[in-house]
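*Asks:* Each residue of the sequence shown is one higher than the one before, counting from 1 in the UniProt record's numbering.
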Amino acid sequence: MSETTDEESGLVVELSRAAQRLQRSSSETEALRLIVSGAVDTVPGAEQAGVSLLHRDGGVTSAATSDPTVDEVDQLQADYQEGPCVTALREQHTVIVDDLTVETDRWPRFAPDATALRVASMLSFHLFTRDDTVGALNLYSGSPRSFGTESQLLGGLFAAHAATALGGARHVAQLHRALATRDLIGQAKGILMERFDLDADAAFQLLVRSSQDANMKLVAVARWLTRAEASDEQDA
Numbered sequence: 001m002s003e004t005t006d007e008e009s010g011l012v013v014e015l016s017r018a019a020q021r022l023q024r025s026s027s028e029t030e031a032l033r034l035i036v037s038g039a040v041d042t043v044p045g046a047e048q049a050g051v052s053l054l055h056r057d058g059g060v061t062s063a064a065t066s067d068p069t070v071d072e073v074d075q076l077q078a079d080y081q082e083g084p085c086v087t088a089l090r091e092q093h094t095v096i097v098d099d100l101t102v103e104t105d106r107w108p109r110f111a112p113d114a115t116a117l118r119v120a121s122m123l124s125f126h127l128f129t130r131d132d133t134v135g136a137l138n139l140y141s142g143s144p145r146s147f148g149t150e151s152q153l154l155g156g157l158f159a160a161h162a163a164t165a166l167g168g169a170r171h172v173a174q175l176h177r178a179l180a181t182r183d184l185i186g187q188a189k190g191i192l193m194e195r196f197d198l199d200a201d202a203a204f205q206l207l208v209r210s211s212q213d214a215n216m217k218l219v220a221v222a223r224w225l226t227r228a229e230a231s232d233e234q235d236a
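#1: Using the Cα positions of residue 51 and residue 160, report the straight-line distance between them to the nearest angstrom.
#2: Could you name the residues that DSSP lists as bridge partners for residue 55?
#3: Exposed or buried, residue 91, counting other C-beta atoms within 10 Å across all chains shown (16 or more means buried)?
#4: Just curious, the alpha helix (DSSP H) that residue 43 is in, first and last residue?
#5: Skipping 5 residues on each side, what residues in its chain have a beta carbon closer than 6 Å to that of residue 193?
#6: Look at the Cβ atom of residue 62, then the Cβ atom of residue 79, and state whether they are nearer than 8 Å.
#7: Just how far apart, CA to CA, sit residue 112 and residue 101?
#8: As a quick exercise: from 57, 48, 218, 27, pick the residue whose alpha carbon is nearest that of residue 133.
#9: Quick one: which unbroken alpha helix (DSSP H) runs of 4-plus residues sit fully inside the UniProt domain "ANTAR" (163-226)? Chain order, please.
#10: Can you name the residues that DSSP bridges to residue 123?
#11: Is the stretch 179-198 touching the stretch 81-90, taking contact as three or more C-beta pairs under 8 Å?
#12: So the alpha helix (DSSP H) residue 70 belongs to, where does it begin and stop?
#13: Can you say whether residue 64 is buried or exposed, counting buried as having 16 or more other CB atoms within 10 angstroms of its CB?
#14: Going straight from the alpha carbon of residue 99 to that of residue 116, what length do you get?
The structure is reproduced here in structure tokens:
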């Protein structure tokens, strides 16, 4: 059995700490921020990081980055629809690039422009697939051949933790939105019950009919009603 080196032990500890930080994220925005900062701290060779999204219409957008240069590189891939990130997003696998200067055949427009921005090597992981969006974690270095086997292994583990954290944060956000929606509809029902002397069921049915007649979502009708009530109270 091979012995674990101090360096390997340190990387494992750092990965564990990064995973714990990710799991404590309270929102999707915070989770994305922690992912890009944690990736740089955890994966050997990574100098910058970003998370990109591929949408159903084919568009690519940046969800979070650790540096303005990464925004520029991600925008290049979005504009040209080519590059390691786009490949990872579409083919849903890990893409490693040792030296962008020799990748002009594969990415004829992106590679020269990224090189001009002093990006020499990249490592992109498929991060998640949900609804109509696919996400990728992209790592960048200004030096060629920065990402070896260890980088791929730890990066893959980190990406798996990151995907789980994002899913958890998104679920929490959905719960918060659901509770806020329930509270808003409850307020609107209360207004109708008081104004028209209705019981709870009758007030809810009135909201539903108003939603159908106005061709608006129920929560939108409830929001309009509560805002109108608040405005009337201010004017009184």
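Ideal Cβ positions, reconstructed from N, Cα and C, are used throughout, including at glycine.
*Replies:* From the atom records:
#1: The residue you call residue 51 lines up with position 51 of the sequence shown. The residue you call residue 160 lines up with position 160 of the sequence shown. For residue 51 and residue 160, the gap between their C-alpha atoms comes out near 13 Å.
#2: Translated into positions along the sequence shown, residue 55 becomes position 55. Note: residue 55 sits in a beta bridge opposite 133.
#3: What you label residue 91 is simply residue 91 of the sequence shown in a count that begins at 1. Exposed, by the Cβ-count rule.
#4: Within the sequence shown, residue 43 is the residue found at index 43, counting from 1. In the DSSP assignment, residue 43 falls outside any alpha helix (DSSP H) and carries neither an H nor an E.
#5: For the purposes of this step, residue 193 is taken as residue 193 along the sequence shown, with counting starting at 1. Hits under 6 Å: 203.
#6: Numbered from 1 along the sequence shown, position 62 holds the residue referred to as residue 62. Numbered from 1 along the sequence shown, position 79 holds the residue referred to as residue 79. Cβ distance not < 8 Å, so residue 62 and residue 79 don't count as in contact.
#7: Against the sequence shown, residue 112 aligns to sequence position 112. Against the sequence shown, residue 101 aligns to sequence position 101. The straight-line gap from Cα to Cα measures roughly 7 Å.
#8: Counted from its first residue, the sequence shown places residue 133 at position 133. The shortest Cα separation from residue 133 among 57, 48, 218, 27 belongs to 57.
#9: The DSSP assignment places 200-214 as complete runs of the alpha helix (DSSP H) inside the UniProt domain "ANTAR" (163-226), in order along the chain (cut-off: 4 residues).
#10: Reading the sequence shown from its first residue, position 123 is the one you call residue 123. DSSP output for residue 123 lists 96, 139 as bridge partner(s).
#11: Between the stretch 179-198 and the stretch 81-90, the count of Cβ pairs shorter than 8 Å is below three; the stretches do not touch.
#12: By 1-based counting over the sequence shown, the position of residue 70 is 70. Segment 68-80, the alpha helix (DSSP H) holding residue 70.
#13: What you label residue 64 is simply residue 64 of the sequence shown in a count that begins at 1. With a 10 Å radius around the Cβ and a threshold of 16 neighbouring Cβ atoms, residue 64 comes out buried.
#14: Start at 1 with the first residue of the sequence shown, and residue 99 comes out as number 99. Start at 1 with the first residue of the sequence shown, and residue 116 comes out as number 116. Each residue's alpha carbon lies about 13 Å from the other.
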